[in-house]
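Numbering (our numbering), first residue to last: 17 to 127. No residue lacks a Cβ here, since even glycine has one placed at the ideal position from N, Cα and C.
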Amino acid sequence: MTSNIIKFVHKNKIVELSNPNPNETLLNFIRTKLKKTGTKEGCAEGGCGACTVVLGELENNNINYKAINACITFVPCLEGKQLVLVEDLVSKDELHPVQEAMVNYHGSQCG
17 MTSNIIKFVH KNKIVELSNP NPNETLLNFI RTKLKKTGTK EGCAEGGCGA CTVVLGELEN
77 NNINYKAINA CITFVPCLEG KQLVLVEDLV SKDELHPVQE AMVNYHGSQC G
């Protein structure tokens, strides 16, 4: 028996999606269903990195994080993973280490 439910973690909460569209990109899901617009569409073919998000996966009792292109990744890939978006880095008191590195090393985002 196959399940039509996808479970993943976002902001330390388990999210359950019933009957997700297997052809929907993660980028579209993030922007339309989660209503998070910090992740952008640049090239729509995985080349520019404007749509980069991070997926965490439990391996050997450790969470391994991987940057992926949300514009070419489909929603079912979320199953059993942790989703980290740019909005999740926000702190009212200080910069996140990723933000700090962008400032210190004059980084910019293409797209």
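I'd like the span of the beta strand (DSSP E) that includes residue i, first residue to last.
i: VAL106; result: It is not in any beta strand (DSSP E) - VAL106 carries neither H nor E in the DSSP assignment.
i: ALA83; result: 78-85
i: LEU50; result: That residue, LEU50, is in no beta strand (DSSP E); it is neither H nor E in DSSP.
i: LEU91; result: Sequence inspection shows Val at residue 91; the Leu mentioned does not correspond to that position. No beta strand (DSSP E) holds VAL91; DSSP gives it neither H nor E.
Just curious, the alpha helix (DSSP H) that residue i is in, first and last residue?
i: VAL114; result: 113-120
Given a cut-off of 8 Å, decide if residue j and residue i are closer than it, judged by their beta-carbon atoms.
i: PHE90; j: ASN35; result: no
i: CYS87; j: THR53; result: no
i: VAL69; j: VAL114; result: no
i: ILE22; j: LEU74; result: no
i: ASN85; j: GLY62; result: yes
i: CYS67; j: LEU43; result: yes
Whole-angstrom Cβ separation of residue i and residue j, contact assumed at under 8 Å?
i: PHE24; j: GLY96; result: 7 Å
i: LEU71; j: LYS56; result: Their Cβ separation, rounded to whole angstroms, is 18 Å, which puts LEU71 and LYS56 out of contact at 8 Å.
i: ILE104; j: LYS29; result: Note that residue 104 is Asp in the sequence shown here, rather than Ile. Actually they are not in contact, since the Cβ atoms of ASP104 and LYS29 sit about 12 Å apart, beyond 8 Å.
Going by other Cβ atoms of all chains shown within 10 Å of its Cβ, with 16 needed for buried, is residue i buried or exposed?
i: VAL119; result: exposed
i: ASN80; result: exposed
i: VAL106; result: exposed
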